[in-house]
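Trainee:
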Amino acid sequence: MTKNNTVFTSLQLGIGTGTVLLLSKWVASISTLALPESIINYGLLAGILYAMIGPFTLILLGILIKKIRSTFPKGESIHDYLSYKLSHKGYIIVCSFLVLLSIESMFIQTKVASILLNVFFHIPYTLGSFLFITLCTIFVMLSNAKLFTKMAIMQTVLMFSTMIIIPIYFFVQDGITHVYDGIRLYHPYLLFYENINGIYFLSAGILIETGRVLISPASWDKAFRIHPKKSFQLFYYQGLYGLPSLWRSLL
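Quick note, our numbering runs 146 ahead of the 1-based positions in the sequence shown.
Shown next, in the form of structure tokens:
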């Protein structure tokens, strides 16, 4: 892969822009939607621990990327590194898995979008899926690096504003005491961690989130577009900023 084939160059992507791009991908991921369900099924502690998996996994990837950049400085994507470390047959097999995982991720996002469109606008699931795929296709065809970065910034600002304003408004109106008393009165089991299934859930969550982050082509692409000495800072800041935002989504 040459530099002319890439969307971002190392001079265009700094720590701030890279952090925003990663935040727009991982903080607004499917994991955010799974947090409330984890609390309902496995308790408050399980939800808090689950929220910490993603950010700490990104920090782990930052440590790994820093080591890879020192041993393979000419790489520009995860595909370059795989072709460098694997045989031709192994490279094809791993890339096939990456393609399948990308299709699976797109299917999940389409399903979530169709459910949300049905809940808020009463649009049928099939039509909602078609509209979502059509809009995504048009956006990809018309977008460039500059537009993509602006959209990521707008998405991140809107996301953080929503996560901050809604809890503050709710607690100013009712106060946190009502929330705690309501949980203790109607759902006291959420304040305890005695469900053995929660351990299985967290173990599976750690494996799944670690795998999703470590093999994410988008995360590797951002890491290779920044100075090698700043690659760890990119993932460290993303994990640092992503952790409180995921905790807010528990509310």
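Don't be surprised by glycine CBs; every beta carbon is placed ideally from N, CA and C.
Please read all numbers here as calculations on a predicted model, not as lab measurements.
Between the region 222 to 239 and the region 202 to 211, can you find at least three pairs of beta-carbon atoms closer than 8 Å?
Mentor: Verdict: no, contact absent.
Trainee: Can you confirm whether the region 282 to 290 touches the region 299 to 308 when touching is taken to mean that 3 or more C-beta pairs between the two stretches lie within less than 8 Å?
Mentor: The region 299 to 308 vs the region 282 to 290: no contact.
Trainee: Just to confirm, are residue 380 and residue 372 a CB contact at a threshold of 9 Å?
Mentor: Sequence index remark: in the sequence shown, residue 380 carries index 234 (1-based). Sequence index remark: in the sequence shown, residue 372 carries index 226 (1-based). Taking 9 Å as the Cβ cut-off, residue 380 and residue 372 qualify as a contacting pair.
Trainee: Grab me the residues of residue 193's own chain with a C-beta within less than 6 Å of its C-beta, minus the 5 sequence neighbours each way, in chain order.
Mentor: As a working mapping, residue 193 is identified with position 47 in the sequence shown. So the qualifying residues of the chain are 181, 184, 185, 396.
Trainee: Would you call the CB atoms of residue 410 and residue 189 closer than 9 Å?
Mentor: A query on residue 410 cannot be resolved here, the shown segment of the chain reaching from 147 to 397 and no further.
Trainee: In terms of alpha-carbon separation, which member of 266, 293, 259 lies closest to residue 277?
Mentor: Position 131 of the sequence shown, counting from 1, holds the residue named residue 277. Of the candidates 266, 293, 259, the one whose C-alpha sits nearest the C-alpha of residue 277 is 259.
Trainee: Going along the chain, which residues of its own chain have a beta-carbon closer than 6 Å to the beta-carbon of residue 367, five neighbours each way excluded?
Mentor: In the sequence shown, residue 367 corresponds to position 221, counting from 1. Here the set comprises 223.
Trainee: Roughly how many whole angstroms lie between the Cα atoms of residue 275 and residue 297?
Mentor: Taking the sequence shown and counting its residues from 1, the one referred to as residue 275 is at position 129. Taking the sequence shown and counting its residues from 1, the one referred to as residue 297 is at position 151. Going by the C-alpha atoms only, they are around 21 Å apart.
Trainee: Quick check: the Cα distance between residue 282 and residue 327, rounded to an integer number of angstroms?
Mentor: Position 136 of the sequence shown, counting from 1, holds the residue named residue 282. Position 181 of the sequence shown, counting from 1, holds the residue named residue 327. Answer to the nearest angstrom: the Cα atoms are 43 Å apart.
Trainee: Can you tell me the Cβ-Cβ gap for residue 240 and residue 232, rounded? I've got them flagged as a contact below 8 Å.
Mentor: For the purposes of this step, residue 240 is taken as residue 94 along the sequence shown, with counting starting at 1. For the purposes of this step, residue 232 is taken as residue 86 along the sequence shown, with counting starting at 1. Residue 240 to residue 232, Cβ: 6 Å. Contact.
Trainee: Tell me which residues share the same chain as residue 399 and place their Cβ nearer than 7 Å to its Cβ, disregarding the 5 neighbours each side in the sequence.
Mentor: With the chain running from 147 to 397 in the structure shown, residue 399 is simply not present.
Trainee: Which first and last residues belong to the alpha helix (DSSP H) in which residue 264 is found?
Mentor: Within the sequence shown, numbered from 1, the residue matching residue 264 stands at position 118. First-last of the alpha helix (DSSP H) with residue 264: 234 to 267.
Trainee: Can the beta-carbon of residue 261 be found closer than 9 Å to that of residue 271?
Mentor: Along the sequence shown, one-based indexing puts residue 261 at 115. Along the sequence shown, one-based indexing puts residue 271 at 125. Yes, the Cβ-Cβ distance between residue 261 and residue 271 is below 9 Å.
Trainee: Give me the Cβ distance between residue 218 and residue 237, rounded to the nearest whole Å; I'm assuming they're in contact under 8 Å.
Mentor: Within the sequence shown, the letter at position 72 stands for residue 218. Within the sequence shown, the letter at position 91 stands for residue 237. About 15 Å; that fails the 8 Å criterion.
Trainee: Please classify residue 214 as buried or exposed, where buried requires at least 16 neighbouring CB atoms within 10 angstroms.
Mentor: Residue mapping note: residue 214 aligns to position 68 of the sequence shown, counting from 1. Buried is the call here.
Trainee: Mapping DSSP to helix, strand and coil, what is residue 290?
Mentor: In the sequence shown, counting from the first residue as 1, residue 290 sits at position 144. It is coil, neither helix nor strand.
Trainee: Give the single residue among 299, 362, 187 whose Cα lies nearest to the Cα of residue 251.
Mentor: Numbered from its first residue, the sequence shown carries residue 251 at position 105. Nearest option by C-alpha distance: 362.
Trainee: Assuming residue 370 is part of the alpha helix (DSSP H), what are its boundary residues?
Mentor: One-based indexing of the sequence shown puts residue 370 at position 224. It spans 363 to 370 - the alpha helix (DSSP H) in which residue 370 sits, taken as one unbroken run.
Trainee: Would you mind stating whether residue 378 and residue 249 have Cβ atoms separated by less than 9 Å?
Mentor: For the purposes of this step, residue 378 is taken as residue 232 along the sequence shown, with counting starting at 1. For the purposes of this step, residue 249 is taken as residue 103 along the sequence shown, with counting starting at 1. No, these two residues do not count as a Cβ contact at 9 Å.
Trainee: List the whole-angstrom C-beta distance separating residue 356 from residue 256, where the pair is believed to meet the contact cut-off of C-beta under 8 Å.
Mentor: Residue 356 sits at position 210 when you count from the first residue of the sequence shown. Residue 256 sits at position 110 when you count from the first residue of the sequence shown. At roughly 24 Å, the Cβ-Cβ gap does not stay under 8 Å, so residue 356 and residue 256 are not in contact.
Trainee: Count the other C-beta atoms from every protein chain shown that fall within 10 angstroms of the C-beta of residue 267, then say buried if there are 16 or more, exposed otherwise.
Mentor: Along the sequence shown, one-based indexing puts residue 267 at 121. The residue is exposed, with fewer than 16 neighbouring Cβ atoms inside 10 Å.
Trainee: What residue range does the alpha helix (DSSP H) around residue 225 cover?
Mentor: Your numbering for residue 225 matches position 79 in the sequence shown. 224 to 231 is the extent of the alpha helix (DSSP H) around residue 225.
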